[in-house]
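Engineer: Line by line, the protein sequences are chains A and B.
Here the first sequence is numbered in the numbering used here, starting from 3 and rising by one per residue.
Here the second sequence is numbered in the numbering used here, starting from 3 and rising by one per residue.
Number of protein chains: 2
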Amino acid sequence: MVTLLIEYVFAVSFISLFAAGLLVSWILRQDQGTKAMQDIASAIKVGAETYLARQYKTISVIAIVFTVLLAIAIRSPTNPWLGVDTAAGFLLGALCSNLAGYIAMYISVRSNIRAARGAMTSLDRALKIAFRGGVVFGLGVVSLSLLGISTLFLIFGGDPLLIVGFGFGASFAALFAQLGGGIFTKAADMSADLVGKVEAGIPEDDPRNPAVIADLVGDNVGDIAGRGADLFESITAENIGAMILGVAPAVYSMFGTNGLLFPLLARGFGLIGTMVGMFFVYSRKKEDPFTSLTRGLVVTGVICAIGFYVLTSVLLNGQMNYFYAALTGIVAAIIVAWITDYYTSYRRRPTLEIANASESGAAPSLATGLAVGMESSGLFIIVIGVAILLAFGLGNGFQSLGSSLNISNPAFQRGIYGTAIATMGMLSVTPMILAMDGFGPITDNAGGILEMSGAAAKAREVSDKLDSVGNTTKALTKGYGVASAALSAFLLFSAFLEVAGLNGVDLARPEVFIGAMIGAMLIFLFSSLAIRAVGRTAAVMIIEIRRQFKAIPGIMKGNALPDYSRCIDISTRAALKNMVWPSLLIVIGPIAVGLVLGSEAVGGLLMIGTIVGVLMALFMNNVGAALDNAKKYIETGSLGGKGSAAHAATVIGDTLGDPLKDTAGPSLHVVVKLLNTITLALAPLFVLALLH
Amino acid sequence: MVTLLIEYVFAVSFISLFAAGLLVSWILRQDQGTKAMQDIASAIKVGAETYLARQYKTISVIAIVFTVLLAIAIRSPTNPWLGVDTAAGFLLGALCSNLAGYIAMYISVRSNIRAARGAMTSLDRALKIAFRGGVVFGLGVVSLSLLGISTLFLIFGGDPLLIVGFGFGASFAALFAQLGGGIFTKAADMSADLVGKVEAGIPEDDPRNPAVIADLVGDNVGDIAGRGADLFESITAENIGAMILGVAPAVYSMFGTNGLLFPLLARGFGLIGTMVGMFFVYSRKKEDPFTSLTRGLVVTGVICAIGFYVLTSVLLNGQMNYFYAALTGIVAAIIVAWITDYYTSYRRRPTLEIANASESGAAPSLATGLAVGMESSGLFIIVIGVAILLAFGLGNGFQSLGSSLNISNPAFQRGIYGTAIATMGMLSVTPMILAMDGFGPITDNAGGILEMSGAAAKAREVSDKLDSVGNTTKALTKGYGVASAALSAFLLFSAFLEVAGLNGVDLARPEVFIGAMIGAMLIFLFSSLAIRAVGRTAAVMIIEIRRQFKAIPGIMKGNALPDYSRCIDISTRAALKNMVWPSLLIVIGPIAVGLVLGSEAVGGLLMIGTIVGVLMALFMNNVGAALDNAKKYIETGSLGGKGSAAHAATVIGDTLGDPLKDTAGPSLHVVVKLLNTITLALAPLFVLALLH
């Protein structure tokens, strides 16, 4: 039975990779447009490839050091090979993460120009090319994760505890990639805006701006490669956590290895659903592209739900309560998307309030923006809380939550398995979500290419329309990312208790309380460093852009090209330099707390770090998106339109929001999960803590 | 022995009140200056009195409703009178809190004009009047708290558990007062700045600005009356928490009632220290006024330390480890003050970084400001963490922190008593800190009175000098307030476990995790509502100020007076309306969680609410102060000085920082302690929770 199930997982993964390959060849066959367009696209491609190559080199050096340390440091009385196994998994995880990011970038720098050319033909064409580029990304990332886990599962003889190193490696590499990419993209974006738009008065994506190519490269290395690594580690960590909970005695006695493999199989249905759902994304006449994407997502969701029904019937002895737990997760994902839309769309009260406050000046506008960001966490947390409680209850048949209920109790184990399945439900549509997420930066790039090559207004209209849909999907997928992080963290936390042999995490003990405070502090400190890194890099870029405008007078007249590559180089070096320390802080923080204060204190760090991380990520993502959209609202002509004082106020807000929503916020998703995988992988170390 | 000790507490309190009375009569004997000055001061006085009267009416109505509910809802199988006792304590606490705020406002609106007149004579004279106004405030608030607790202690037959209602009432009233005052003062400040400085181009405190009196009233009702209520409940809650821990079996068996009364006696030494230290605050020739204030604080601190030495020798069987625990608290307070200064002073790296970033525009300046605010939490948390761990270890002789250590364990109880004494150490200098805190708004008001009455430049120079010292002391006392909140929260949390009969708070249980998430969410939601309330009130004020400028053309020419009282009235109504819901959210949130999810979930809410509350308070206080000082730095003539683009950028930052540092931030101090006292008082209710 085990072999059969694993074979199914391998088969689906390979079919997905094959489908992705077909899509790649379809995309590559599309027309690439004019020479001017190709020159620009090629500059973007070279910039992105150079950046990633250097980034992966830096990550590899650090990862190899950690691999050696892990192999030496981790010891287990029962398994002398634990350290080496964990280290090997770690290295493979980091490699796969980089590979996932590379695949994502590979296809995006090739889809962008073809989507740009497609926009010259029809909306449908551009939509399909950009979206299918996203699908390659989604299918590739998810099947890579499944293949990695399944292979290690077989090699390590079916013990999910030995795979945790893989998850740690994936999160480790993802944090550097997401942070480095985030710094690169926003430093380029901010400096291009500040000098280009504000000082020189030239429009966005104007070829005269020396930082414009760096800005477009940033979309590929930050939004695409960074997010690819982020979601690769999300699904990997969640799968491993769910598998560990599947071997909890109470669950294992009910379902045997079926319960253990359930997560991998469910993920397989997500791949199938995406391959089918993909065909439902096309643009009918006058249809909003967002509707087309939603149709694809609904089809995928329905297939996933059917998949859960079948899997529950066959593998979980037909205990339909677990099916309902999966549905809970899917519904929670939908509600979260709705909440994100509510707080960031300019058709709704919060963003309109920001726009209205802008009439009194920048400070009231920003104060309202901060208030909206803080408020958005409220409803969100309620949804996640209810989902966890409901799934837990569905898992154990709503047994009393009396005080004897702890991790060693069978009812507790069954309850936690319920929340694990809800998380799987939420994450089942991931490949499709990834496709929608990748769609955004591809169309953004396409628009840039059209603008820079001086394409006809009609094509730019098409790309603008797609770009605005891309902004919406980007905000929604971020909300989805945070929700899945919150849900899977609770799961991984339980897995940590299992592995560390703890019965609970008692906040009343001083060292646990201090661990908790440090967890919250790490989030604040990391966010501070991330935002400041963008600011510092942008400051260097600004000086360079000003220098070029002065040194090459032909630029503004349009008869000399700026030195794009120098801006790319500056961004690259600064991003790589600035990504290292914040990321190491997140890695070393929990290790230090674990070694000094012990595993229960790490539990406190983990839990509070997660809660605060989720809240701050939501806060920063939503502040940024709402401020951005308040500006867009005024640009539609409301409240005086472009050029009004209110518009100037929102431009400040938009620029301030950039590092929050595209650097610090998304990096925090990864931080939350890295905290979980690192503690899971290093739990054997912490029993030797100093203060014990 | 008990009678003797309590008599000492009563005696010191009455002596302090008598000393405060002498100071009041000294202040009232000072000269009040010109008729023009008296007119302005009288307008401020009437505005502040009217506001407080209306505010206390609103608070009273809500408090009476809660008193009745408490009397009905709280039941105990062993004590049929528990509900009535708690309700009576609650009402008295709320009353005393209002009284503390009133005393503070009473003296500040009388000191301001006399300090203004003093500034016309000499720096020493102005300093003494303003500072002694602050001392009245400090002595009054602290002795009121001691008298309330001691009286109830005698009435309720020496059971500290019956006094918790008093702490709840004090926090309850304080939250409304601090939030309402904060909204009033910042809405007036923001709107006066936005229309006056930016639109009409008139300087700060210009009599032509219709909102200028409202702004000055705001200093008295927000910074003075609000902070008075805040610190009244701080020391009250901490005293009660420490007394409850004093009856823990392991502590009681060592010290008997001495351990129980120790907190009150230590507080008494703080009063004595302040009465002595006060005489060391005078201005030597060319001495920086900040040095004068510091001298007074050091004297008070030394007397407190001696007091702890004596008390430990006499009452705690000479166990000097508890004396060292007290010193730990005092030293932690000093380090926290240093950190706050580091992150907010413009002589240091963080604020200079903000000022430098302002040269690139408002967005980089603000992004750096947010980053500085987030970073400031880092060092701070480390200090608090180390202080808790050290004091805990000193309390129980550094016994192993093994996993069997929980609240029912004697070593744990002794350890927690150590942290209680460290908290007392930190809070011992409170009356002096309050005096320094009150000094700020009084000099601010004095400056306003001088400016508006067209006083000579020399007097304004004196008041400006004192005002800038006032800004520093305000920032330091806020840091001190947060530190004491963090430390005393850990203490109150342990007291809650005692009262609720819990052995721990296990975050791995889903309902506790959800409680924890809700705790964090309440902080974010409350902050959002507080910031938005300021924005909304300011928007109404802005319309009114613009209307007056238009309707009364004589205002700008200086031959017609604006309608000050209308602005005060608008601020009053809006502040009262907007303070109710956020405050009720904080009261109802924990009650709802307790009734539905039980006392352990409330424990999670409490703990995480505290950690997140402390971090967010620090973040907002320090962002605001750093942005404010970055502006001041540029106004000294650096980076282009006033009128430069960098200056314009920092003006936006300063205005944005106002609602953060003076409304949301300080209100969060109260929120943190209200969460603690409410759960402590209502613990008997939560055992009946739905999900049990």
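Glycine included, every Cβ here is placed at the ideal spot set by N, Cα and C.
None of these values were measured; they are calculated from a predicted model.
DSSP puts Asp87 of chain A in a beta bridge; with which residues?
Structural biologist: Answer is none; Asp87 of chain A lacks a bridge partner.
Engineer: Return the chain-ordered ranges of every beta strand (DSSP E) run that is complete within the region 605-668 of chain B and spans a minimum of 3 residues.
Structural biologist: Taking only runs of at least 3 residues, no beta strand (DSSP E) segment lies wholly in the region 605-668 of chain B.
Engineer: Exposed or buried, what is Ala268 of chain B when buried is set at 16 or more other beta-carbons lying within 10 Å of its beta-carbon?
Structural biologist: With 16 or more other Cβ atoms within 10 Å, it is buried.
Engineer: Is it true that the CB of Val278 of chain A sits closer than 8 Å to the CB of Val253 of chain A?
Structural biologist: It is not a contact, given that the beta carbons lie outside the stated cut-off.
Engineer: With the cut-off set at 8 Å, would you say Ile444 of chain A and Ser110 of chain A are in Cβ contact?
Structural biologist: Contact flag set, yes.
Engineer: Rounded to the nearest angstrom, what separates Val11 of chain A and Ala488 of chain A at their Cα positions?
Structural biologist: The straight-line gap from Cα to Cα measures roughly 26 Å.
Engineer: Which stretch, first to last residue, makes up the alpha helix (DSSP H) that contains Met39 of chain B?
Structural biologist: From DSSP, the alpha helix (DSSP H) with Met39 of chain B extends over Lys37 to Ala75.
Engineer: Provide the residue(s) that pair with Asp508 of chain B in DSSP beta bridges, ordered along the chain.
Structural biologist: Answer is A:Asp508.
Engineer: Between the region 197-219 of chain B and chain A, which residues of the former have CB atoms less than 8 Å from a CB of the latter, in chain order?
Structural biologist: Listed by position along the chain: Val200.
Engineer: Assuming Asp439 of chain A contacts Asp469 of chain A under a Cβ cut-off of 8 Å, what Cβ separation, rounded to an integer in Å, is found between them?
Structural biologist: Between Asp469 of chain A and Asp439 of chain A the Cβ distance is about 14 Å, and since that is not below 8 Å, they are no contact.
Engineer: On a CA-only basis, which of B:Ile593, B:Glu377 and B:Arg511 is nearest Asn411 of chain A? Give me that one, please.
Structural biologist: Among B:Ile593, B:Glu377 and B:Arg511, the Cα nearest to that of Asn411 of chain A is on B:Arg511.
Engineer: Could you check where the alpha helix (DSSP H) with Lys738 of chain B kicks off and where it finishes?
Structural biologist: Chain B is shown only over 3 to 694; residue 738 of chain B falls outside these bounds and no answer can be derived.
Engineer: Name the chain A residues whose beta carbon is nearer than 8 Å to that of Val507 of chain B?
Structural biologist: Those are Asp508, Leu509 and Ala510, listed as they occur along chain A.
Engineer: Report buried or exposed for Val249 of chain A, applying the criterion of at least 16 other Cβ atoms within 10 angstroms of its Cβ.
Structural biologist: Classification of Val249 of chain A: buried, given that the 10 Å Cβ count is 16 or more.
Engineer: Kindly indicate if chain B contains any beta-carbon less than 8 Å away from that of Ile516 of chain A.
Structural biologist: Closer than 8 Å: yes.
Engineer: Is it true that the CB of Ser490 of chain B sits closer than 8 Å to the CB of Ala239 of chain B?
Structural biologist: In this structure, Ser490 of chain B lies closer than 8 Å to Ala239 of chain B by Cβ.
Engineer: Please name the residue in A:Arg549, A:Leu299 and A:Gly198 whose C-alpha comes closest to that of Thr475 of chain A.
Structural biologist: Selected option, being the one with the closest Cα: A:Leu299.
Engineer: State whether the region 630-637 of chain A contacts the region 651-671 of chain A, with contact taken as three or more CB pairs (one from each stretch) at a distance under 8 Å.
Structural biologist: They touch, by the three-pair rule.
Engineer: Figure out for me which residue from B:Ile341, B:Val304 and B:Ala22 has the closest Cα to the Cα of Leu329 of chain B.
Structural biologist: Per the Cα distances, B:Val304.
Engineer: Mind checking which residues open and close the alpha helix (DSSP H) that includes Arg229 of chain A?
Structural biologist: Taken as a continuous stretch (DSSP letters only), the alpha helix (DSSP H) holding Arg229 of chain A covers Arg229 to Gly248.
Engineer: Flag this pair as touching only if the region 206-218 of chain A and the region 15-30 of chain B have three or more C-beta atom pairs under 8 Å; answer yes or no.
Structural biologist: Cβ pair count under 8 Å is below three, so no.
Engineer: If you reduce the DSSP assignment to three classes, tell me which class Gly95 of chain A lands in.
Structural biologist: In the structure shown, Gly95 of chain A sits in a helix (DSSP, three-state: H, G or I).
Engineer: Any contact between the region 552-571 of chain A and the region 645-653 of chain A? By contact I mean 3 or more CB pairs, one from each, below 8 Å.
Structural biologist: With a cut-off of 8 Å, the region 645-653 of chain A and the region 552-571 of chain A do not count as touching, because too few Cβ pairs lie within range.
Engineer: Is the beta carbon of Leu670 of chain B less than 8 Å from the beta carbon of Ala619 of chain B?
Structural biologist: Taking 8 Å as the Cβ cut-off, Leu670 of chain B and Ala619 of chain B qualify as a contacting pair.
Engineer: Answer with yes or no whether the minimum CB distance from Val614 of chain B to chain A is below 8 Å.
Structural biologist: Cβ-Cβ to chain A under 8 Å: yes for Val614 of chain B.
Engineer: Grab me the residues of His694 of chain B's own chain with a C-beta within less than 8 Å of its C-beta, minus the 5 sequence neighbours each way, in chain order.
Structural biologist: Confidence at His694 of chain B is low in this model, with a pLDDT of 48, below 50, so the placement of that residue is unreliable and no value is reported for it.
Engineer: When you compare the CB of Ile520 of chain A with every CB in chain B, is at least one pair closer than 8 Å?
Structural biologist: It does: the Cβ of Ile520 of chain A has a partner Cβ on chain B nearer than 8 Å.
Engineer: 8 Å is my cut-off, CB to CB: does Ile246 of chain A come that close to chain B?
Structural biologist: No, no contact with chain B.
Engineer: I think Ser486 of chain A touches Thr421 of chain A, with their Cβ atoms under 8 Å apart; what is that distance to the nearest whole Å?
Structural biologist: Their Cβ separation, rounded to whole angstroms, is 12 Å, which puts Ser486 of chain A and Thr421 of chain A out of contact at 8 Å.
Engineer: Applying the 10 Å Cβ sphere with the 16-neighbour rule, what's the burial state of Ala231 of chain A?
Structural biologist: By the neighbour-count rule (16 or more Cβ atoms within 10 Å), Ala231 of chain A is buried.
Engineer: Using a Cβ cut-off of 7 Å, which residues of the region 538-565 of chain B contact any Cβ in chain A, in chain order?
Structural biologist: Here the close residues are Ala540, Ala541 and Ile544.
Engineer: Check each candidate in A:Leu94, A:Val48 and A:Val86 and name the one with the smallest Cα separation from Ala65 of chain A.
Structural biologist: For the residues A:Leu94, A:Val48 and A:Val86, the minimum Cα distance to Ala65 of chain A belongs to A:Leu94.
Engineer: Does any C-beta atom of chain A lie closer than 8 Å to the C-beta of Glu637 of chain B?
Structural biologist: Answer no: the Cβ-Cβ gap between Glu637 of chain B and chain A never drops below 8 Å.
Engineer: Tell me the rounded alpha-carbon separation between Val582 of chain B and Leu181 of chain B.
Structural biologist: Going from the Cα of Val582 of chain B to the Cα of Leu181 of chain B covers about 9 Å.
Engineer: If you pair each beta-carbon of the region 133-151 of chain A with each one of the region 13-20 of chain A, do three or more pairs fall below 8 Å?
Structural biologist: Yes: at least three Cβ pairs fall under 8 Å.
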